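Colleague: Sharing a structure with you now.
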Amino acid sequence: MTRERIYLFDTTLRDGQQTPGIDFSVEDKIAIASMLDEFGLDYVEGGYPGANPTDTAFFAEKRTSQATFVAFGMTKRPGVSVSNDPGIASLLQARSDAVCFVAKSWDYHVQVALGCTNEENLECIAESVKAVVAAGKEALVDCEHFFDGYKANPEYALACARTAYKNGARWVVLCDTNGGTQPPEVRAIVEAVIAAGVPGHCLGIHAHNDTGQAVANSLVAVEAGVRQIQGTLNGVGERCGNANLVTLIPTLALKSAYNTRFETAIDADRLTNLTLLSHAFDELLNRSPDHQMPYVGASAFATKAGIHASALLKDPRTYEHVPPESVGNFRKVMVSDQGGKANFINALKRRGIDVAKDDPKLDLLISIVKEREASGYAYEGADASFELLARRTMGTIPDFFSLDGFRVMIERRFDSHGRIKIVSEAVVKISIDGQTLMSVAEAEGPVNALDLALRKDFGKYQHEIDDLVLADFKVRILNGGTDAITRVLIESTDSSGVRWWTVGVSDNIIDASFQALMDSVIYKLMKNRQLAGKIAAE
Ligand SMILES: [Zn+2]
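Structure representation (structure tokens):
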């Protein structure tokens, strides 16, 4: 039986950015777009080109290689022609494959927010879509407040959807912008839209989670005929969030209610990267993953020891609704864990490290990782550190140099103008081929000073780290209280454009930073010798 394709549209970088406390830098956006692209989503939407410097810089280049790269913006303003609308101009200039317009579809909002007539708004939709199609790009129209608008004035909401469709929009997306619509209402309204002449294979759903139904509303919309789902990673978004793609994707893939009839771009193989994707995104946001998130949470397949655990070991299906490894998660029980081992072997294989199932070094590595994760390390977000740890355990890292020690002094004083000044002075001592190299550097921050000192004299490797750039630095305090420990995550890149993440954990923030910094430098030396970075380079 042929299955119908459901298209997945990610709006983490735009709608997800509305989440309180989330503010993406251009670097963040580039990293997230490539994570989504690599994972295999159909559409990656990046924000509003022209609206602010971050988004304009982001859209200066195409940021995906597989996924359709989408710019978002308003339909043209009433009373202005398409060619004279600067907003439309920046959308057409953006290096995107597609443009997604947000259009009013609730007559009340047309009057109040746009201050134009219903007919003028329809003309804005029509002309904007036509301009995008004429520019050779794919057009999408997000019909804002569609469900509430439909309840207030069904004829007008339908007219908006039809206008978008008839003028060439590839997708007409029905948005539950306020997030209060219930599944039976979504079903009925989607059916009405299809009956009014917009076919389901051109319809999308954009649900918000204000009553905890965003996933349910997306699924019921698919049942009723829509073929595109818009959502975000981990369900981030304004107020209570958007539909969580991390929940929707495995549900569509693994549940027979859906997978017998539908398919997405995320096949069984890609699905095993889901947990990693979800956790890497949280690391990037510098927040703890939700342990109870469906499928990917640390507790999603955790069973406390006892009758459940022993029954679980006899037959995992007794207590698990899907196999944890299908989404790249782990079964957690207090006994030896075969699923975990297979996952490790896979993770190592993907990094070009072959290890036999019965190699004692593998058991050693697993116990080191578990011990370190219990003490605060997070390797999901630090692929380079994980790879180095694995290679160290296997004994395949050359002795590039050894660290003899470092020292940092921080001085707070007044300068000659009476202003407070903080100066950090760092001394780093390393040995290369039996020769000791000691360097001193000054900077405002202690980590910066350490970085400068390390690079000042790196002996025969000096030129090798010239293009190493520390792109981002995230600090998280774990456990709280006076005995809190600090985890530092560093994102690095070099002239090849490859990015890698390293982690350090210590009860001292500078030590944690230095560990992550050292890992980054060693990884760079490995990478220069084609000894590491298979994943990062893919
Ligand atoms: Zn939204």
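When you line the sequence shown up against my numbering, it's residues 476 to 1013, in that order.
Note that beta-carbon positions come from the ideal geometry of N, C-alpha and C, so glycine has one too.
Treat the numbers as computed from the prediction; the structure is a model and nothing was measured.
Put CYS591 into one of helix, strand or coil per three-state DSSP.
Modeller: CYS591 falls in the coil class under three-state DSSP.
Colleague: What's the C-alpha gap between VAL844 and ILE724?
Modeller: Between VAL844 and ILE724, the C-alpha separation is close to 29 Å.
Colleague: Look at the Cβ atom of LEU708, then the Cβ atom of GLY522, and state whether they are nearer than 8 Å.
Modeller: No. Outside cutoff.
Colleague: Can you tell me the Cα-Cα spacing of THR656 and VAL604, whole angstroms?
Modeller: Approximately 27 Å, taken between the alpha carbons.
Colleague: Looking only at C-alpha atoms, which of ASN596, GLU758, VAL574, GLY972 sits nearest to TYR583?
Modeller: Of the listed residues, the one whose Cα sits closest to TYR583 is ASN596.
Colleague: Within 7 Å: the Cβ of ASP742 and any heavy atom of ligand 1?
Modeller: No, the Cβ of ASP742 stays beyond 7 Å of every heavy atom of ligand 1.
Colleague: Please determine whether the Cβ atom of ASP490 lies at a distance below 7 Å from any heavy atom of ligand 1.
Modeller: Yes, ligand 1 has a heavy atom inside 7 Å of this Cβ.
Colleague: Give me, in chain order, the residues of the same chain whose beta-carbon lies closer than 7 Å to that of PHE484; leave out the 5 immediate sequence neighbours on both sides.
Modeller: Cβ neighbours of PHE484 beyond the five flanking positions: ASP517, TYR518, GLU520, GLY679, GLN703, ILE704, GLN705.
Colleague: Going by Cα to Cα distance, which pick from THR487, ALA601, PRO553 is closest to ALA546?
Modeller: Cα-wise, what sits closest to ALA546 is THR487.
Colleague: Hey, ALA627 and TRP581: beta-carbon distance below 8 Å or not?
Modeller: Their beta carbons are under 8 Å apart, which means ALA627 touches TRP581 by this criterion.
Colleague: Mind checking ILE895: buried by the 16 CB within 10 Å criterion, or exposed?
Modeller: Flag for ILE895 reads exposed.
Colleague: Of the residues VAL711, ALA610, GLY934, ASP512, which one's Cα is nearest the Cα of GLY687?
Modeller: Comparing Cα positions, the closest option is VAL711.
Colleague: Determine the extent of the alpha helix (DSSP H) in which GLN568 is found, giving its start and end residues.
Modeller: It spans 561–568 - the alpha helix (DSSP H) in which GLN568 sits, taken as one unbroken run.
Colleague: Is GLN586 helix, strand or coil by DSSP?
Modeller: Three-state DSSP puts GLN586 in a helix.
Colleague: Compute the distance between the beta-carbons of VAL902 and ILE985, then report whether it is under 8 Å.
Modeller: Taking 8 Å as the Cβ cut-off, VAL902 and ILE985 do not qualify as a contacting pair.
Colleague: Would you say the stretch 829–847 touches the stretch 968–977, given that touching needs at least three Cβ pairs under 8 Å?
Modeller: Verdict: no, contact absent.
Colleague: According to DSSP, simplified to helix, strand and coil, what is ASN717?
Modeller: Of the three classes helix, strand and coil, the one that applies to ASN717 here is strand, per DSSP.
Colleague: Please state the DSSP three-state secondary structure of VAL616.
Modeller: Strand, per DSSP.
Colleague: Say whether chain C places a C-beta atom closer than 8 Å to the C-beta of GLU595.
Modeller: Here chain C cannot be found, since the structure has a single protein chain.
Colleague: Label GLY590 either buried or exposed according to how many other C-beta atoms from any shown protein chain fall within 10 Å of its C-beta, with 16 as the threshold for buried.
Modeller: By the 10 Å Cβ count, GLY590 comes out exposed.
Colleague: List in chain order: all unbroken alpha helix (DSSP H) runs of 4+ residues lying wholly within the stretch 909–989.
Modeller: Those alpha helix (DSSP H) runs which fall completely within the stretch 909–989 and span 4+ residues are 921–931.
Colleague: Are the beta-carbon atoms belonging to THR735 and LEU727 less than 8 Å from one another?
Modeller: The answer is no: Cβ separation not under 8 Å.
Colleague: Within the continuous alpha helix (DSSP H) that includes PHE544, where are the two ends?
Modeller: Careful: PHE544 lies outside any alpha helix (DSSP H), inside the beta strand (DSSP E) at 543–549.
Colleague: Tell me ILE895's beta-bridge partners as DSSP assigns them.
Modeller: Answer by DSSP bridge pairing, in chain order: PHE889.
Colleague: Around the Cβ of CYS599, are there at least 16 other Cβ atoms within 10 angstroms (buried) or fewer (exposed)?
Modeller: Looking at its Cβ environment, which holds 16 or more other Cβ atoms inside 10 Å, CYS599 is buried.
Colleague: Give the single residue among PRO561, HIS796, ASP498 whose Cα lies nearest to the Cα of LEU760.
Modeller: Among PRO561, HIS796, ASP498, the Cα nearest to that of LEU760 belongs to ASP498.
Colleague: Report yes or no: do the stretch 609–628 and the stretch 526–541 share at least 3 C-beta pairs separated by less than 8 Å?
Modeller: Flag = no, the stretch 609–628 and the stretch 526–541 do not touch.
Colleague: Inspect the beta-carbon positions of HIS683 and ASN653 and report whether they are closer than 8 Å.
Modeller: In contact: HIS683 and ASN653 (Cβ atoms closer than 8 Å).
Colleague: Could you work out which residue in ILE664, SER565, THR968 is closest to ASP942 when comparing CA atoms only?
Modeller: It is THR968 whose Cα lies nearest to the Cα of ASP942.
Colleague: Pick out the complete beta strand (DSSP E) segments inside the stretch 688–712, 3 residues or longer, and give them in chain order.
Modeller: Complete beta strand (DSSP E) runs here, min 3: 703–706.
Colleague: Tell me whether CYS635 counts as near ligand 1, meaning its Cβ is closer than 7 Å to at least one heavy atom of that ligand.
Modeller: Checking every heavy atom of ligand 1 against the Cβ of CYS635, none is found closer than 7 Å.
Colleague: Would you report the Cα separation of GLY624 and ALA632, rounded to the nearest angstrom?
Modeller: Distance between the alpha carbons of GLY624 and ALA632: 6 Å.
Colleague: Heavy atom of ligand 1 less than 7 Å from the Cβ of THR656, yes or no?
Modeller: No, the beta carbon of THR656 sits no closer than 7 Å to any heavy atom of ligand 1.
Colleague: Starting from the Cα of VAL585, find the closest Cα among CYS618, SER763, GLY856 and give me that residue.
Modeller: For the residues CYS618, SER763, GLY856, the minimum Cα distance to VAL585 belongs to CYS618.
Colleague: Quick one: which unbroken alpha helix (DSSP H) runs of 4-plus residues sit fully inside the stretch 478–534? Chain order, please.
Modeller: List check, alpha helix (DSSP H) in window: 501–514, 528–533.
Colleague: How far does the beta strand (DSSP E) with CYS677 in it extend, from its first residue to its last?
Modeller: Where CYS677 is concerned, there is no enclosing beta strand (DSSP E), given that its DSSP letter is neither H nor E.
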